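Step one of this worksheet: look at the structure below.
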Amino acid sequence: MPFINYASIYSLLVITILRVYTCEAIVKFNVTVSAFFAFGDSILDSGNNNNQLTLLRCNFPPYGRDFMGGKATGRYCNGKNPADILVEKLGLKEVLPAYLDPNIQSKDLLTGVNFASGGAGYDSLTSEKVSAIPLTKQLRMFEEYMGKVKEFVGEEAARKITANSVSMVSASSNDIANTYFLNSFRPEFNISGYTDLLAASASDFLDGLYNRGARKIGVFGAPPLGCLPIIRTFKGAEHRSCVTNLNEAAQLFNSKLKVVLHNLKAKYPDSRIVLIDDYTIVNDMIQAPETYGFEVSDKGCCGTGTFEVGIFCNQWTLNSCFDASKYVFWDSYHPTEAAYRVVVDHVYQNIINGLLL
5 MPFINYASIY
15 SLLVITILRV
25 YTCEAIVKFN
35 VTVSAFFAFG
45 DSILDSGNNN
55 NQLTLLRCNF
65 PPYGRDFMGG
75 KATGRYCNGK
85 NPADILVEKL
95 GLKEVLPAYL
105 DPNIQSKDLL
115 TGVNFASGGA
125 GYDSLTSEKV
135 SAIPLTKQLR
145 MFEEYMGKVK
155 EFVGEEAARK
165 ITANSVSMVS
175 ASSNDIANTY
185 FLNSFRPEFN
195 ISGYTDLLAA
205 SASDFLDGLY
215 NRGARKIGVF
225 GAPPLGCLPI
235 IRTFKGAEHR
245 SCVTNLNEAA
255 QLFNSKLKVV
265 LHNLKAKYPD
275 SRIVLIDDYT
285 IVNDMIQAPE
295 TYGFEVSDKG
305 CCGTGTFEVG
315 IFCNQWTLNS
325 CFDASKYVFW
335 DSYHPTEAAY
345 RVVVDHVYQN
355 IINGLLL
């Protein structure tokens with residue numbers, strides 16, 4: 005019987021798989037984007053909370069109403085979220101699967117997965133209070149992921165996947181809106197001190213990502229939190245106006261996050277780290293929705309405008325919202341897929357220029 009070099013055949017198969025799953029990104033930008041990773045909160049979570057002991061789950065209708073097959077997957081949206089839209093635009097795959105999805109396939113690991121958890125924040129107390137997956141554990145899950153990929157493709161190929169990947173982080177909204185303002189879980193801080201704590205925690209987390217091999221990292225800032233439907237209802241008085249001090253808190257944090265990223269880029273000259281300014285574009289959509297093709301920006305598609313006190317939408321609050329694309333917000337916290345697409349389209353070229361070119 006002739007000798008068959010199974011190791012060579014396996015290596016060739018792995019290389020072929022990697023080329024198949026990354027070739028479109030290479031063609032588009034003349035660079036290798038091997039994988040995409042998401043970390044943080046419900047803006048990016050694609051189902052990691054589904055089997056967690058937490059109330060912050062949304063794997064039930066009408067969530068996912070406009071997703072592929074109309075299935076509620078655990079995305080806090082009517083359809084795709086920014087992580088899905090970004091991997092779609094990069095040409096990696098159609099959606100970014102949750103790392104904890106029990107049905108995840110080995111091929112999904114090669115092109116990236118999602119570690120984000122609804123309810124998480126830079127402040128460890130934020131995650132603890134709602135039993136979300138804290139950012140420290142998300143880093144451990146990332147380590148576990150890399151171990152699996154090494155077993156599948158070998159250490160050198162796994163290292164290249166991580167080095168040529170793009171990571172995206174979204175946090176701080178739950179910290180500022182929930183932990184600090186709505187629930188007052190941090191009475192020992194004024195807002196200046198609390199945003200200092202968040203900025204320091206963000207720096208520690210991004211250090212952790214870099215030390216685990218991530219080199220291209222995009223970080224979402226805090227959006228205009230004072231204009232969230234739930235904040236308008238609780239703190240916006242009779243006319244449900246945007247709440248100025250929450251918006252100012254978001255902007256204060258963003259200014260400190262910008263300094264953090266500047267310092268990290270100086271500390272790690274081989275890294276590319278960019279701030280994604282979602283505050284400006286989301287605020288524009290809220291203040292002038294018609295400019296972007298929206299009709300409603302002060303309540304969620306799953307909200308009444310007078311009863312925006314629930315985090316989640318359900319069949320009773322859905323009312324007559326048949327076309328979510330007319331709304332900036334899907335529920336009392338989270339934008340619609342249409343709004344997310346506006347955000348991603350707005351910042352996409354900056355992301356490409358800052359991370360890939």
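Positions 5 to 361 (the numbering used here) are the ones given, in order, by the sequence shown. Backbone N, C-alpha and C fix where the C-beta goes; we use that ideal spot for every residue, glycine too. Being a predicted model, the structure only gives us computed values, none of them experimental.
- Query: CB-CB under 6 angstroms to residue 175, same chain, minus the five flanking residues each way: which ones, in chain order?
  - Reply: Here the question's residue 175 lines up with position 171 in the sequence shown. 44, 45, 125 and 126.
- Cβ-Cβ distance between residue 217 and residue 276 below 8 angstroms: Position 213 of the sequence shown, counting from 1, holds the residue named residue 217. Position 272 of the sequence shown, counting from 1, holds the residue named residue 276. It is not a contact, given that the beta carbons lie outside the stated cut-off.
Suppose you measure from the CA of residue 344 to the CA of residue 155; what does that come to, to the nearest Å? Here residue 344 is taken as the residue at index 340 of the sequence shown, counted from 1. Here residue 155 is taken as the residue at index 151 of the sequence shown, counted from 1. Rounded to the nearest angstrom, the two C-alpha atoms are 36 angstroms apart.
To the nearest angstrom, how far is the alpha carbon of residue 47 from that of residue 85? Your numbering for residue 47 matches position 43 in the sequence shown. Your numbering for residue 85 matches position 81 in the sequence shown. Take the alpha-carbon of residue 47 and the one of residue 85: they are about 7 angstroms apart.
Query - Boundaries of the beta strand (DSSP E) in which residue 263 is found, first to last residue - result: In the sequence shown, residue 263 corresponds to position 259, counting from 1. Run containing residue 263: none in the beta strand (DSSP E); it sits in the alpha helix (DSSP H), 248–271.
In whole angstroms, give me the CA-to-CA distance for residue 170 and residue 246.
The sequence position of residue 170 within the sequence shown is 166, counting from 1. The sequence position of residue 246 within the sequence shown is 242, counting from 1. So the alpha carbons of these two residues sit roughly 34 angstroms apart.
query = If you draw a straight line from the alpha carbon of residue 142 to that of residue 119, how long is it in whole angstroms?
reply = Locating residue 142 in the sequence shown gives position 138, where the first residue counts as 1. Locating residue 119 in the sequence shown gives position 115, where the first residue counts as 1. Counting only the Cα atoms, residue 119 lies some 6 angstroms from residue 142.
Notebook entry, point to check: According to the neighbour-count rule (16 or more other Cβ atoms, all chains shown, within 10 Å of its Cβ), is residue 228 buried or exposed?
Noted result: The residue labelled residue 228 in the question sits at position 224 within the sequence shown. Buried, since its Cβ has 16 or more Cβ neighbours within 10 Å.
Given a threshold of 16 other Cβ atoms within 10 Å of its Cβ, counted over all protein chains shown, does residue 280 qualify as buried or as exposed?
Translated into the one-based positions of the sequence shown, residue 280 becomes position 276. By the neighbour-count criterion, in which 16 or more other beta carbons inside 10 Å mark a residue as buried, residue 280 falls on the buried side.
Point to revise | Residue closest to residue 394, alpha-carbon to alpha-carbon, out of 140, 100, 145 and 114 | key: Limits of the chain in this structure are 5 at one end and 361 at the other, which puts residue 394 out of reach.
Check your understanding: Is residue 240 buried or exposed, if buried means 16 or more other CB atoms sit within 10 Å of its CB?
Key -> Counting from 1 along the sequence shown, the entry for residue 240 is found at position 236. The C-beta of residue 240 has 16 or more other C-beta atoms within 10 Å across all chains shown, which makes the residue buried.
Rounded C-alpha distance that separates residue 71 from residue 134:
Residue numbering aside, residue 71 sits at position 67 when the sequence shown is read from its first letter. Residue numbering aside, residue 134 sits at position 130 when the sequence shown is read from its first letter. Rounded to the nearest whole angstrom, the C-alpha separation of residue 71 and residue 134 is 26 angstroms.
* Asked: Nearest-angstrom Cα distance between residue 305 and residue 333?
  -> For the purposes of this step, residue 305 is taken as residue 301 along the sequence shown, with counting starting at 1. For the purposes of this step, residue 333 is taken as residue 329 along the sequence shown, with counting starting at 1. If you take the alpha carbons of residue 305 and residue 333, they lie about 6 angstroms apart.
On the CB-based measure, 16 or more other CB atoms within 10 Å of its CB, does residue 295 come out buried or exposed? Your numbering for residue 295 matches position 291 in the sequence shown. Exposed.
| task | Ignoring anything shorter than 3 residues or poking outside the region 162–195, list the beta strand (DSSP E) runs there in chain order. | result | Taken in chain order, the whole beta strand (DSSP E) runs of length 3 or more contained in the region 162–195 are 170–174.
Quiz item: When DSSP labels each residue in this structure, what does residue 69 get in the three-state scheme?
Solution: The sequence position of residue 69 within the sequence shown is 65, counting from 1. Coil, per DSSP.
**Beta-carbon contacts of residue 91 that lie in its chain and below 6 angstroms, excluding the five residues immediately before and after** = By one-based count along the sequence shown, residue 91 stands at place 87. Excluding residues within five positions, the ones whose Cβ falls inside 6 angstroms are 40, 97 and 100.
Which class does residue 342 belong to by DSSP, given the choice of helix, strand or coil? Here residue 342 refers to the residue found at position 338 when the sequence shown is read from its first residue. Residue 342 sits in a helix when the DSSP states are folded into three classes.
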